[in-house]
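Remarks on the structure that follows.
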Ligand SMILES: N[C@@H](CCC(=O)N[C@@H](CS)C(=O)NCC(=O)O)C(=O)O
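In my numbering, the protein residues as written are 3 to 199.
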């Protein structure tokens, strides 16, 4: 069975949302990040090279980091339809948006928080404004990043838009606000948030 190493109100919430979208049985293994003993759980440490949540164990497979977990689960459990098939025309666009989370969204958010000045042409993630503009453009045909249907990429992006909103850095963007509302209206999102609470 899938086991998710998780701590409430952290980035592990997006892996939980994704697993709820899958509809497969799973078990939550809580890692209390404030507790040294909990953080030294040997099963968790062997699944997470960075000692961070989320991380996952599924039989003999271990995967750490939200985007890697999303890529793994969506392909491993295709019944949920969260990833285009390997030879589908949308596969490239899907991979772009899946890696947009760790490669662009996360560093751009860190930049915004820390007030780093960057030269967009030479920095891999451009800058915060360019990341936001790219997301908005990606949703132009909506309702989701691949148009229709919803995919694991929307869990990655939607959870980040939610974090930006919670931390007060989401720009006044009608496109992203409407996207966030669509994400929050999903039953799997509500189930994940109920567990988080
Ligand atoms: N790139 C990782 C980041 C995960 C991450 O930073 N998790 C934080 C909680 S939000 C964590 O586990 N911090 C504990 C630590 O670094 O010791 C992902 O997106 O999954």
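Glycine residues also receive a C-beta, built at the ideal position from the N, C-alpha and C atoms.
Nearest residue (CA-CA) to residue i, options the options
i           : options              : result
residue 35  : 114, 13 and 176      : 13
residue 150 : 163, 177, 170 and 86 : 86
residue 105 : 115, 133 and 23      : 133
residue 79  : 60, 55 and 126       : 60
residue 54  : 9, 166 and 116       : 9
residue 179 : 141, 197 and 199     : 141
residue 176 : 152, 138 and 94      : 138
residue 24  : 188, 198 and 196     : 188
residue 6   : 163, 153 and 74      : 74
Delimiting residues of the beta strand (DSSP E) encompassing residue i
i           : result
residue 4   : 4-8
residue 197 : Taken as a continuous stretch (DSSP letters only), residue 197 belongs to no beta strand (DSSP E), being part of the alpha helix (DSSP H) at 189-198.
Span separating the alpha-carbon of residue i from that of residue j
i           : j           : result
residue 84  : residue 158 : 12 Å
residue 130 : residue 43  : 36 Å
residue 110 : residue 156 : 18 Å
residue 115 : residue 172 : 12 Å
residue 190 : residue 26  : 12 Å
residue 46  : residue 166 : 28 Å
Where the alpha helix (DSSP H) containing residue i begins and where it ends
i           : result
residue 163 : 154-168
residue 32  : Where residue 32 is concerned, there is no enclosing alpha helix (DSSP H), although the beta strand (DSSP E) it sits in stretches over 28-32.
residue 52  : No alpha helix (DSSP H) contains residue 52, which DSSP labels as neither H nor E.
residue 106 : First-last for residue 106: undefined, no H or E at that position.
residue 184 : 176-186
residue 139 : 130-140
residue 101 : 93-102
residue 38  : 38-41
For residue i: DSSP bridge partner residues
i          : result
residue 57 : 7 and 66
residue 25 : Answer is none; residue 25 lacks a bridge partner.
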